[in-house]
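To keep things clear, I will list the structure first and then write my remarks on it.
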Amino acid sequence: MQDTLENIWIIAKREFAAYFATPLAGVFLTIFVALTGAFTFYIGDFFTRGQADLFPFFAYHPWLYLILVPAVAMRLWAEERKNGTIELLMTLPVSPAEAILGKFFAAWAFVGLALLLTLPIWITVNVLGDPDNGIILTSYLGSLLMAGAFLSIGSFISALTKNQVIAFILAATVCFIFVMSGMEMVQNTLRAWAPEWVTSAVSAMSFLAHFEQISRGVVSLQSIIFFLSLIVFALFANVIAVDQKKAA
Amino acid sequence: MTVLVEASGLRKVFGNTIVAADGISLAVKKGEVLGFLGPNGAGKSTTMKMITGFLEPDAGTSIICGHDIQNEPKRAKSKIGYLPEGAPAYGEMTPASFLAFIAEIRGFSGDAQKIRIAAAIDKAGLEGVLDQRIETLSKGYKRRVGLAQAILHDPPVLIMDEPTDGLDPNQKHHVRNLIREMAPDKAIIVSTHILEEVEAVCSRAVVINRGRIVADGTAEDLMRRVPYHGAVALRIAPAKAGAAKEVLSSIGDIAKVETVSKSEGAVQLRAIPKDGKAIATEVAARLREKSVPVEELFVERGKLDDVFRQITTTREGA
Chain U
3 MQDTLENIWI
13 IAKREFAAYF
23 ATPLAGVFLT
33 IFVALTGAFT
43 FYIGDFFTRG
53 QADLFPFFAY
63 HPWLYLILVP
73 AVAMRLWAEE
83 RKNGTIELLM
93 TLPVSPAEAI
103 LGKFFAAWAF
113 VGLALLLTLP
123 IWITVNVLGD
133 PDNGIILTSY
143 LGSLLMAGAF
153 LSIGSFISAL
163 TKNQVIAFIL
173 AATVCFIFVM
183 SGMEMVQNTL
193 RAWAPEWVTS
203 AVSAMSFLAH
213 FEQISRGVVS
223 LQSIIFFLSL
233 IVFALFANVI
243 AVDQKKAA
Chain L
987 MTVLVEASGL
997 RKVFGNTIVA
1007 ADGISLAVKK
1017 GEVLGFLGPN
1027 GAGKSTTMKM
1037 ITGFLEPDAG
1047 TSIICGHDIQ
1057 NEPKRAKSKI
1067 GYLPEGAPAY
1077 GEMTPASFLA
1087 FIAEIRGFSG
1097 DAQKIRIAAA
1107 IDKAGLEGVL
1117 DQRIETLSKG
1127 YKRRVGLAQA
1137 ILHDPPVLIM
1147 DEPTDGLDPN
1157 QKHHVRNLIR
1167 EMAPDKAIIV
1177 STHILEEVEA
1187 VCSRAVVINR
1197 GRIVADGTAE
1207 DLMRRVPYHG
1217 AVALRIAPAK
1227 AGAAKEVLSS
1237 IGDIAKVETV
1247 SKSEGAVQLR
1257 AIPKDGKAIA
1267 TEVAARLREK
1277 SVPVEELFVE
1287 RGKLDDVFRQ
1297 ITTTREGA
């Protein structure tokens, strides 16, 4: 166990540092902070709403993650396979699960860092008014959890291809489906022909619905379990994908 | 001597039809350097990937220092140093940070880690490039980084897939010296299609073709397969050719005497021994005894190239 945790930590450290070896990290962090700011202040009407909360800030997170998180996840395995370093990694005394968790946590920490850099927005709202900081904290945690779910899907898909562009597009598409599944539009289309349980199952998979709950300050166990179990499931699929595809 | 690598019945089929390895079994003892030969696509890399636990074989397994790579992958892998084909490494890292990562994951920390890294850097000759990104290094240096990574934990088993491929002659020489240096206390497997390398560093050669082992022995054993191996070639003045032939025919260990060529100044004769026996001394002594002047006398050696071609092409149709 000690060994396992240590291996995960060593791999996560290397992977996290790898983000900063290229300009990608800087570009990503800048875009993330700029876009969250733009959405909050311009599109979200932060100033004219006259309310001291971060609702407009968090409301756009699912849509931002849709594009940005697959960009963080795409290189995780596709790059290893393309450069052949997967052969090196998998012949070190490391289990596939350790490698997958290490990489996943590194990517998650990276998105966490991006979220951390949005703290000035939180400071702004506290300067301007008297927001409910409890709700803001749970929203941040919910956002991080949702990012983890996006990432786990992206990591799994990254293991399916050597091409990072394909990994990005596929992951963004799958995440889009997860985000959209709760929308009225999708539900109506389904209701027309699918049995009731399918419609409600699809709606229950909606990232949007679960995240909205959390960002309203309702920390329901159901939503937390939903995101966590999705992460576990996607990472489990990731182990299988790496195992099947590593030599191809 | 202890057997450190024992592969048995390794078989791998890709996509139901391509049999990359078809029941490969081999054992490598401590102190042995096994040259793994074969044409491109013969299954060398696939076999090495199965031995090192990267690929799961469809049948068979490999046992490294008593640990089955399937059942105890971590223990077995910790005993192996592996240089995959093309020496992959994380391009965005520097050799220093890359080796630190490898050392950490191999379980070294503190002073032990520093000592290991320093030793690997020294052996692989990486001093000058420690802080450059690996992706900016030349092919030779990249290979050295891979080599340093493989020997960092001083593994009892060292497996290298084409370690000198694409290196210049000096670099090849350096890598071969390194292999020779490490040989006495390790079991080493080196795949190659450069045959001079086998003669230079390997104590044993295994030739595989179409996923099967087609020859296994020392370089000398392999060369004995060439019909002319050990034959004695003579250059003699035309006037004395008849006398020389007579002398040679009277030697019991000689199977046949051929005339290779006749030119203005000299006749080339070749005496082929029975069962690869050494005949050179006797030939020289007898000719001197009968006072037949010889302009030139040498023992022909089979070329590994010929053996390789013979083994890997003649059996192909079979």
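Chains as they are written, first to last, in my numbering: chain U, 3 to 250; chain L, 987 to 1304. Glycine included, every Cβ here is placed at the ideal spot set by N, Cα and C. Note that the coordinates shown come from a computational prediction; the quantities given were computed from them, not determined experimentally.
Indicate whether at least one CB of chain U lies closer than 8 Å to the CB of residue i.
| i | result |
| --- | --- |
| L:Ala1006 | no |
| L:Phe1094 | no |
| L:Lys1035 | yes |
| L:Lys1060 | yes |
| L:Phe1087 | yes |
Check the Cβ-Cβ distances between residue i and every residue of chain L, and say whether any is below 8 Å.
| i | result |
| --- | --- |
| U:Tyr62 | no |
| U:Val96 | yes |
| U:Asn85 | yes |
| U:Ile12 | yes |
| U:Arg16 | yes |
| U:Asn9 | yes |
Check whether the Cβ atoms of residue i and residue j lie closer than 8 Å to each other.
| i | j | result |
| --- | --- | --- |
| L:Ala1201 | L:Leu1208 | yes |
| L:Ile1103 | L:Leu1069 | no |
| L:Leu996 | L:Ser1048 | yes |
| L:Leu1290 | L:Ala1205 | yes |
| U:Leu78 | U:Cys177 | no |
| L:Pro1259 | L:Asp1239 | yes |
| L:Asp1196 | L:Gln1296 | One point to set straight first is that residue 1196 of chain L is Arg, not Asp, in the sequence displayed. Contact flag unset, no. |
| L:Arg1092 | L:Ala1110 | no |
| L:Val1143 | L:Ile1050 | yes |
| L:Ile1010 | L:Thr1033 | yes |
| L:Leu958 | L:Ala1134 | Only positions 987 to 1304 of chain L appear in this structure, which leaves residue 958 of chain L out of reach. |
| U:Met76 | U:Ala149 | no |
| U:Ala23 | U:Ala169 | no |
| U:Leu103 | U:Ile10 | yes |
| U:Phe34 | U:Leu66 | yes |
| L:Leu1023 | L:His1159 | no |
| L:Gly1132 | L:Leu1153 | no |
Closer than 7 Å: is that where the CB of residue i sits relative to any heavy atom of the ligand ATP?
| i | result |
| --- | --- |
| U:Ile137 | The ligand ATP is not among the ligands present in this structure, which contains no ligands whatsoever. |
Identify which residue in the options has its Cα closest to the Cα of residue i.
| i | options | result |
| --- | --- | --- |
| L:Ser1277 | L:Lys998, L:Ala1136 and L:Glu1232 | L:Glu1232 |
| U:Ala151 | U:Leu230, U:Val74 and U:Glu81 | U:Leu230 |
| L:Thr1150 | L:Val1176, L:Gln1135 and L:Leu1012 | L:Val1176 |
| L:Arg1287 | L:Thr1299, L:Thr1298, L:Ala1013 and L:Ala1257 | L:Ala1257 |
| L:Pro1074 | L:Arg1272, L:Met1146, L:Leu1116 and L:Val999 | L:Met1146 |
| U:Met185 | U:Thr175, U:Ser208 and U:Asn85 | U:Ser208 |
| L:Pro1043 | L:Ser994, L:Lys1015, L:Ser1095 and L:Glu1018 | L:Ser994 |
| U:Ala99 | U:His63, U:Gly144, U:Pro72 and U:Leu7 | U:Leu7 |
| U:Pro72 | U:Leu103, U:Gly144, U:Thr175 and U:Thr191 | U:Thr175 |
| L:Gly1029 | L:Gly1001, L:Glu1167 and L:Ile1199 | L:Ile1199 |
| L:Pro1081 | L:Gln1118, L:Lys1100 and L:Ala1045 | L:Gln1118 |
| L:Ile1066 | L:Ile1174, L:Gly1024 and L:Met1168 | L:Ile1174 |
| U:Val129 | U:Leu56, U:Leu162 and U:Ile159 | U:Leu56 |
| U:Ser222 | U:Ala27, U:Phe107, U:Val74 and U:Thr140 | U:Thr140 |
| U:Glu17 | U:Phe213, U:Thr87, U:Tyr62 and U:Thr42 | U:Thr87 |
Which residues in chain L have a C-beta closer than 7 Å to the C-beta of residue i? List them in chain order.
| i | result |
| --- | --- |
| U:Thr24 | Glu1078 |
| U:Leu111 | In the sequence as presented, Leu is not what sits at residue 111 of chain U; that position holds Ala. Per Cβ cutoff of 7 Å: no residues; U:Ala111 is ~17 Å from chain L at best. |
Along chain L, which residues have their Cβ under 8 Å away from the Cβ of residue i?
| i | result |
| --- | --- |
| U:Thr93 | Thr1038, Gly1039, Phe1040, Lys1063, Ile1066, Tyr1068 and Pro1070 |
| U:Ala249 | Lys1035, Phe1040 and Leu1041 |
Identify the contact partners of residue i in chain L, using a Cβ-Cβ distance below 9 Å as the criterion.
| i | result |
| --- | --- |
| U:Glu186 | Those within 9 Å of U:Glu186 in chain L number zero; the least Cβ separation is about 45 Å. |
| U:Ala20 | Tyr1076, Glu1078 and Met1079 |
Can you pull the chain U neighbours of residue i, defined as C-beta to C-beta under 7 Å?
| i | result |
| --- | --- |
| L:Pro1074 | Asn85, Gly86, Thr87, Glu89 and Leu90 |
Closer than 8 Å by beta-carbon distance: list the chain U residues that pair up with residue i, in chain order.
| i | result |
| --- | --- |
| L:Glu936 | This structure cannot speak to residue 936 of chain L, because chain L is shown only from 987 to 1304. |
So which residues on chain U does residue i lean against when the C-beta distance must stay under 9 Å?
| i | result |
| --- | --- |
| L:Phe1022 | Correct list: empty, because the minimum Cβ distance to chain U is about 17 Å. |
Legend entry - alpha helix (DSSP H) runs contained entirely in the stretch 98-127 of chain U, provided each spans 4 or more residues: 98-118
Inset, instruction - Within the stretch 23-94 of chain U, note down every full alpha helix (DSSP H) run reaching 4 residues or more, in order along the chain. - result: The qualifying runs are 26-40, 57-61, 63-75, 77-85 and 87-92.
Inset, instruction - Please specify which runs of the alpha helix (DSSP H), each continuous and at least 4 residues long, are wholly inside the stretch 122-174 of chain U, giving them in chain order. - result: Within the stretch 122-174 of chain U, the runs of alpha helix (DSSP H) that reach at least 4 residues and sit entirely inside it are, in chain order, 135-160.
Legend entry - Complete runs of the alpha helix (DSSP H) confined to the stretch 1023-1072 of chain L [at least 4 residues]: Whole alpha helix (DSSP H) segments, 4+ residues: 1030-1037 and 1059-1064.
Inset, instruction - Give, in chain order, every unbroken run of the beta strand (DSSP E) that is at least 3 residues long and sits entirely within the stretch 1202-1250 of chain L. - result: 1218-1222 and 1240-1248
Inset, instruction - Give, in chain order, every unbroken run of the beta strand (DSSP E) that is at least 3 residues long and sits entirely within the stretch 992-1020 of chain L. - result: DSSP runs (the beta strand (DSSP E)) wholly in the stretch 992-1020 of chain L: 1004-1015.
Inset, instruction - Could you pull out every unbroken alpha helix (DSSP H) segment of at least 4 residues lying fully inside the stretch 1061-1135 of chain L, listed in chain order? - result: 1081-1091 and 1096-1110
Inset, instruction - Jot down the residue ranges of each uninterrupted alpha helix (DSSP H) in the stretch 1249-1273 of chain L, minimum 4 residues, whole runs only, in chain order. - result: Taken in chain order, no unbroken stretch of alpha helix (DSSP H) lies wholly in the stretch 1249-1273 of chain L with a span of 4 residues or more.
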